[in-house]
Each structure stands twice: as structure tokens, then as C-alpha cells.
Amino acid sequence: MKTKSLFAWVIVTLAALYFVVPLLATLEYAMRQLATGETPGWFFLGKAHSFDAFVSSIVSPRFQVDFLRSMVLAVAAIVLGVLLVVPTAYLIRLKFPGWRSPVEFITLLPLVIPAIIIVFGYSRMYLATPWSPFNKSPFATDVLLTFGYVTLALPYMYRSVDTGMRSIDVKTLTEAGQSLGASGSRILFNIILPNVRSAVLSGAFLTFAIVIGEFTFASLLARPVFGTYLQEIGANQPYEPSALALIAFFITWACMGLIQIVGRSRGAAPAR
Amino acid sequence: MATTVLTTAPPAKAGAAGRGLISWAALGMAPFALFAVLFLIVPTGLLLIRAFETPDGGITLDNIAEIFRQESILRSFWLSIEISTVSAIGGAFFGFFIAYAITLGGLPPWVRSAIMTFAGVASNFAGVPLAFAFISTLGRVGLVAFILRDWFGVNFNATGFNLYSFLGLTIVYLYFQIPLMVLVFVPALEGLKREWREATAVLGGTNADYWRYVAIPVLWPSILGSTLLLFANAFGAVATAYALTGSSLTIVPIQLFAQIRGDVLNNPGLGYAIALGMVIITSVTSGGYILLRSWSERWVR
Chain A
23 MKTKSLFAWV IVTLAALYFV VPLLATLEYA MRQLATGETP GWFFLGKAHS FDAFVSSIVS
83 PRFQVDFLRS MVLAVAAIVL GVLLVVPTAY LIRLKFPGWR SPVEFITLLP LVIPAIIIVF
143 GYSRMYLATP WSPFNKSPFA TDVLLTFGYV TLALPYMYRS VDTGMRSIDV KTLTEAGQSL
203 GASGSRILFN IILPNVRSAV LSGAFLTFAI VIGEFTFASL LARPVFGTYL QEIGANQPYE
263 PSALALIAFF ITWACMGLIQ IVGRSRGAAP AR
Chain B
26 MATTVLTTAP PAKAGAAGRG LISWAALGMA PFALFAVLFL IVPTGLLLIR AFETPDGGIT
86 LDNIAEIFRQ ESILRSFWLS IEISTVSAIG GAFFGFFIAY AITLGGLPPW VRSAIMTFAG
146 VASNFAGVPL AFAFISTLGR VGLVAFILRD WFGVNFNATG FNLYSFLGLT IVYLYFQIPL
206 MVLVFVPALE GLKREWREAT AVLGGTNADY WRYVAIPVLW PSILGSTLLL FANAFGAVAT
266 AYALTGSSLT IVPIQLFAQI RGDVLNNPGL GYAIALGMVI ITSVTSGGYI LLRSWSERWV
326 R
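Residue numbers (my numbering), protein chains in the order written: chain A, 23 to 294; chain B, 26 to 326.
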């Protein structure tokens, strides 16, 4: 038993090294940037370091515009994804159990078909055609990009919401609503949705984590977002890309942490 | 059980209101169906059909034949298959031991939950930021190079290691491959029943016997299935490699990326054929994963 847990500790320590060192290295690399005339914060490996790259990358107007666009796209993809997935998962539970397998299959397709193939299809079908509404303005292309992000996040959003629906009694809640005279949409949004709130939030945070650093879709639909900005400055800035990469990592981390927190509150909810 | 209740219940309480609800309900499925058709099925299907079309709309197998005729395309398919295979096997190998350590290794529970959360983060931390994290670590002026130089007097760049190479890209891919393996493989390890180990011990088997004759035979469909999933995961990835190597390491997705941007192959049909080839490869490997997973679930439940 003793040697076994020693073996396990060795594995975990080696894994921690492989996974933590790149994060520390990214921090160290980002901190090599020094603003002119500023006194350095601290020294490592005989060189001065500061947080200047973090400040200068965040105050850059291009960064702010592109990062804001990524945030708006993420929120739009979450809202649209929820509006699309929640009624579908609800109706499959309540009325059309036979549709379960085909719908599940479709929601898993974005994991099977690489993102670059899906966006290739968008590009040929919606950008290169005269009849398409999505190539008329940058905003219209942003709408198409949002649809793309909903598609990318579909497997996670559907699975999360479907698991949430499984944990509540959809039929009884619906009948209770009906006998009190609630309309279909009222049942869905005022009764079902609050009951699967934590599942919806898990899907939402995962969507956010996927969208915020996404590169392939945005780049091929030619829309500037955080991911494409990062790639672009990577080619001509030394330290800022590392600062922004670290920020991206912590956004992903925050999303996963929030999923854990809302997931834990799920257990507490029925008790109240 | 639940499905029987659902299918038999609605007719029992049918009435005017019930029938009204059915048509309303069918309408409720329409947005999802419409979305899936317009933004998933048709765009992808269109590419696959065009792979068999001549520029003027006739049917041909020439686009597919062209893949095998062009050395550079074939080579990039091979490179992609190699890099995906190596990173999948490596990810499965290291992920297996980490999953083992946190489920059966007798570690405190907080280690397990910390690693599972981190695996969730790292498996989603692909793409451009990951590339910069590794440039900061193993690049020519990265942290490893500095530490080796200043603390050990070793010239890292003279060792022959190059981040922008096959080996370098594989090491970067492992950063999201290993965590994915941990996430999909921990449930399989948890399915190993304590009784099996006890039964082996009662019959006089050692720990090695248990792994050789019980655990590994039960686990191998999961191991193989997870490896296929990791393969598909690496095969479609483009952002990491693009941000890291630009277009110097021409894996298939990077080739396709350039083709989508501006027909660099001077042959639109060939682009569609490459897309078809990628979809076939990821479908076969993902299908294998699903098949093996349902097979392993007979034992591991």
C-alpha cells in the first residue's frame, strides 16, 4: 500500500511539472517586458521583470475592440444555444422520446467533424454565394460566426441540459403548470428553465470557454476576435502574446471553476 | 422504463388540449431541426458532394484521385496521421498512469478533484494561447533554455531540439491530449470491481496476475477507444499548429486552411476532396471509439 501511493505521488508530481512549468514559463516570459524609464519590479535569472506586458496589452485599443467582440459573440452564442437546446431537450423528454437518438447523434457531429470542415462549408455556402444574407456586412458575418459557435458548443450544451432534464420530473412539472393554466412557453421558461438552471449554466460557461479563444472559425470568416488578434500580434510582438495567453488560460480556468460551483449547488437546490 | 411511461402516458390523458399540445410541440422542434440542417448538415454535406463534382457540375472521381497523384497532399495526410497517432498513443499512455494514480493510487481526495478540474481546463486550452505558452517554455529564448544556460551551463539550442518540428508539436499536443485521456479514462478505471481483485487473490494470483489476466483485458477496449478519440481530437486541430509553426509543418488541416483562404492549390475540387478525406478519417476513428465504448460498457458498469 505504501509503495503504491509512493508510485502514485511520483506520477502526479511528474504530471504537475509538465502541466505547471509552461504556465510559469509563460508568466516569466511575459514579465520580461519593461517600460522605458520604469524601475523593474523584481529580478529572476539575473534579469529585471515587470508586469508591463500585461498593462500594455490590455490598454491596447485593438485588443479591447477584439476582446469585446469575442465576449459579445460568446454571450450571443450562449443565449442562442440555450434557446435552441432547452426546448428541444424538453420536448424530447416529454413528447418525442423516439427523436432522442437522432438528435443526440446530430449534437455529437461537431465533435466528429473537425471545425475547419464546418467553417469550410460556411465559407463556400454563405460567404461565396450572391444570395447569402451573411456576406452583406461585417455584422451579418458576425451573426454567421455566432451560429458557428453555437454549432461548436452544441455537443457540450446539449449533453449538459439533457443531464439536467433527466434529474427533474419534466412530466409532473408540465402537468402542474397546465392545471394552473400556464401556456407552453410559460411552462418552459418559468418552470422548466429555472429547474435546470445549473445545467444550463454549466453549458453556458463551457460555451464561453470555447468561444473566447477560438481562432479557426473567426479567421476563416475574416472577423477579428481575441483569438485572431493573439495570433496576429504573436508574429510581431515579443512579450504581449504571452501575457494574453496567460489571461486566456485564466478565463478558461474561471469558467471551469464556475461550472464546479454551479454543479455543487445543484445538489443543494431540491432540499430548499 | 422511463421511455415506456413517456410513450404510453400521453394517449391516456389525450383530449382537445392534449392534441393542441402535440402540434405546438412539433413546432417547438422546428428551430433545432432548421438550425442543424442549415448550419451543420447542409454546409458539410455540400463539401462532400462537391468532392465528386467537376467544375461544370458533372460527376467525377478525379478530385479524389488527385489526392493520390499529388505528392505534397499525400505527404501532409501522412504527417497528420503520424502526429495524431504519436500524440494519441503518448496521451493515452501518460493519461493512463495519471488516471490510475488518482483513482487507485491511494492519494488524498483533494489531489483527485484538483487534477480532474485541471484536466477540464487543459483539455479546453488548445489553440493559439497554448502555442504561446510553449514558445515561452521550450522556444529558443524560453524559460527552459535560460535555466539550462544560467544554472547548468548547457546550451539548449545546441541540443538539436526544435519546438517547431514533429517532436515539438507532439509535446505541445500532449498538453491537451493527456488531460482528455484522464477525463475519458477515469470512469473506466472506476468501473473495475473490487471483487475481481479479491477473486484473483483468493485463487492465489499476484497483483501482476490481476493486471495481466483481469484488469487489462477488461480495460483494453476503453484504452483503444480513448486512443482513437485522442487521434480524432488531434487530427482536426489547426489553430495550435498554425500559431506555432505558421505553415512550415504542413499537416492536412493547415493545407486546407490555406486552400480555404485562397485556393492555393489552384484546384477547388481538390480542396473538397481533402475535406472528404479528413471527414472519413475522423468518422472512422470516432465511430471506432463509440463502438469500443459500448463494448467496454458490458463489463465496466
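Note that CB positions come from ideal geometry on N, CA and C, so glycine has one too.
Examine chain B for any beta-carbon lying closer than 7 Å to the beta-carbon of residue i, and answer yes or no.
i	result
proline 136(A)	yes
glutamine 55(A)	no
phenylalanine 271(A)	yes
phenylalanine 169(A)	yes
tyrosine 144(A)	yes
proline 109(A)	yes
glutamine 259(A)	no
glycine 235(A)	yes
methionine 179(A)	no
lysine 117(A)	yes
threonine 5(A)	Lying before the first or after the last residue shown, residue 5(A) is absent from chain A, which here runs from 23 to 294.
When you compare the CB of residue i with every CB in chain A, is at least one pair closer than 7 Å?
i	result
methionine 54(B)	yes
phenylalanine 150(B)	yes
phenylalanine 157(B)	yes
serine 308(B)	yes
threonine 69(B)	yes
proline 154(B)	yes
alanine 113(B)	no
threonine 142(B)	yes
phenylalanine 60(B)	yes
Go ahead and label residue i buried or exposed: buried means 16 or more other beta carbons lie within 10 angstroms of its beta carbon, across all protein chains shown.
i	result
isoleucine 283(A)	exposed
alanine 198(A)	exposed
asparagine 291(B)	exposed
phenylalanine 230(A)	buried
arginine 188(A)	exposed
glycine 120(A)	exposed
alanine 76(B)	buried
glutamate 262(A)	buried
leucine 228(B)	exposed
threonine 25(A)	exposed
isoleucine 138(A)	buried
phenylalanine 127(A)	exposed
phenylalanine 8(A)	No answer is possible for residue 8(A): it lies beyond the span of chain A, which begins at 23 and ends at 294.
Given this structure, state the Cα-to-Cα distance separating residue i from residue j, to the nearest angstrom.
i	j	result
leucine 39(A)	isoleucine 33(A)	10 Å
alanine 70(A)	phenylalanine 76(A)	15 Å
leucine 214(B)	glutamine 280(B)	39 Å
phenylalanine 171(B)	methionine 53(A)	14 Å
alanine 158(B)	arginine 222(B)	42 Å
isoleucine 315(B)	methionine 147(A)	30 Å
glutamine 86(A)	isoleucine 80(A)	7 Å
glycine 294(B)	glutamine 284(B)	11 Å
leucine 242(B)	methionine 278(A)	According to the sequence shown, residue 242(B) is proline rather than leucine. If you take the alpha carbons of proline 242(B) and methionine 278(A), they lie about 34 Å apart.
threonine 79(B)	threonine 85(B)	6 Å
glycine 83(B)	valine 289(B)	23 Å
alanine 37(B)	arginine 115(A)	Note on alanine 37(B): pLDDT 38, under 50, position unreliable in the model; the coordinate value appears next. Going from the Cα of alanine 37(B) to the Cα of arginine 115(A) covers about 17 Å.
phenylalanine 73(A)	glutamine 253(A)	21 Å
glycine 186(A)	phenylalanine 227(A)	15 Å
tyrosine 125(B)	alanine 47(A)	28 Å
leucine 63(B)	asparagine 182(B)	50 Å
methionine 303(B)	leucine 56(A)	45 Å
Enumerate in chain order the residues of its own chain whose CB-to-CB distance from residue i is below 6 Å, with the five nearest sequence positions on each side excluded.
i	result
proline 177(A)	Thr129, Leu130, Pro132, Leu133
tryptophan 320(B)	Pro246
alanine 257(B)	Thr307, Thr310, Ser311
glutamate 91(B)	Leu295
Can you list, in chain order, the residues of its chain whose CB lies under 8 Å from that of residue i, leaving out five sequence neighbours each side?
i	result
threonine 250(A)	Asp88, Phe237, Ala240, Ser241
In its own chain, which residues sit with a C-beta less than 7 Å from the C-beta of residue i, not counting the 5 before and 5 after it?
i	result
tyrosine 297(B)	Leu72, Arg75, Ala76, Asn88
Original post:
In chain order, which continuous runs of the beta strand (DSSP E) of length 3 or greater are located wholly inside the stretch 162-217 of chain A?
Top reply: none
Original post:
Hey, which unbroken runs of the beta strand (DSSP E) at 3 residues or more fall wholly within the stretch 40-119 of chain A?
Top reply: 64-66, 69-71
**OP:** Only counting runs of 3 or more residues, tell me where the beta strand (DSSP E) segments fall wholly within the stretch 220-306 of chain B, in order along the chain.
**Re:** none
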